[in-house]
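Q:
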Amino acid sequence: ENTVDMLKEAYIDIYRQPIPEDTKPEDLIQKITEYYSAKNIKPLMYRFDENFTFFDFVKLMNGLKQKSYCVIATVIDYITLMQLEGDDRDNQAKRLQRLGEHFKNYAKRNNMLIVTGLQLNGLADDLNASGRTNVVRLYRPLHLSDCKGLMAELDILIFLRIEENQDGVPYL
Numbered sequence: 223e224n225t226v227d228m229l230k231e232a233y234i235d236i237y238r239q240p241i242p243e244d245t246k247p248e249d250l251i252q253k254i255t256e257y258y259s260a261k262n263i264k265p266l267m268y269r270f271d272e273n274f275t276f277f278d279f280v281k282l283m284n285g286l287k288q289k290s291y292c293v294i295a296t297v298i299d300y301i302t303l304m305q306l307e308g309d310d311r312d313n314q315a316k317r318l319q320r321l322g323e324h325f326k327n328y329a330k331r332n333n334m335l336i337v338t339g340l341q342l343n344g345l346a347d348d349l350n351a352s353g354r355t356n357v358v359r360l361y362r363p364l365h366l367s368d369c370k371g372l373m374a375e376l377d378i379l380i381f382l383r384i385e386e387n388q389d390g391v392p393y394l
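Going left to right, the sequence shown walks through residues 223 to 394 as my numbering numbers them.
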């Protein structure tokens with residue numbers, strides 16, 4: 223569902239008009255691709271299940287390089303949902319930190335931006351339910367869920383939360 227929302231936002235940003243009713247996600251992808259293709263940019267979107275590993279990612283990137291693509295940015299919708307590699311004796315946080323380290327090193331070696339989403343924990347839920355406005359300004363690394371180990375691998379951490387103004391209009 224997040225991906226479909228992202229496609230809708232991209233369409234609206236590009237064409238500056240509402241999406242026609244009954245438009246299928248495939249049609250959104252087609253329109254967005256047409257727009258970027260006219261600018262000599264080819265957006266690629268892949269969907270993988272929870273068995274997708276870092277090594278699968280490297281294999282995909284190498285395949286794209288062989289086809290003469292220059293990948294400048296990658297969005298991984300929730301790195302925490304990827305298959306974690308390593309010894310089962312290591313706890314999940316340590317294995318997740320190692321995964322983050324692999325991605326960070328890959329991005330630096332290949333001059334690539336890698337963006338991912340992380341889950342927040344119950345402390346963030348408590349802030350959200352507090353009735354305070356702009357709670358996103360109060361989020362800190364301690365509000366990250368099972369991914370605190372990734373903090374050492376991040377170059378930047380940005381918190382986002384959709385708020386509503388007094389008229390009920392959502393904004394970030």
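Note that CB positions come from ideal geometry on N, CA and C, so glycine has one too.
What is the DSSP secondary structure of I241, reduced to helix, strand or coil?
A: Taking the first residue of the sequence shown as position 1, residue 241 is located at position 19. In the structure shown, I241 sits in coil (DSSP, three-state: anything other than H, G, I, E or B).
Q: Would you mind working out which of A351, P265, S352 and T302 sits nearest S367, comparing C-alpha positions?
A: Taking the first residue of the sequence shown as 1, we reach residue 367 at position 145. Residue T302 is the option with its Cα nearest to S367.
Q: Going along the chain, which unbroken runs of the alpha helix (DSSP H) with 4 or more residues stay wholly within the stretch 306-389?
A: 314-332 and 344-350
Q: I'd like to know if the stretch 311-328 and the stretch 340-353 are in contact, where contact means that at least 3 CB-CB pairs between them fall below 8 Å.
A: For the pair of segments examined, the stretch 311-328 was found not to touch the stretch 340-353: the number of CB pairs separated by less than 8 Å stays below three.
Q: Give the list of continuous alpha helix (DSSP H) stretches no shorter than 4 residues that lie fully inside the stretch 251-314.
A: The qualifying runs are 276-288.
Q: On a CA-only basis, which of K289, A346 and E243 is nearest R383? Give me that one, please.
A: Start at 1 with the first residue of the sequence shown, and residue 383 comes out as number 161. Selected option, being the one with the closest Cα: A346.
Q: Which same chain residues, not among the five before or five after Y300, have their C-beta less than 8 Å away from its C-beta?
A: As a first step, residue 300 is located in the sequence shown; it is residue number 78 there, counting from the start. For Y300, where only same-chain residues beyond five positions count, the Cβ hits under 8 Å are T338, G339, L340 and Q341.
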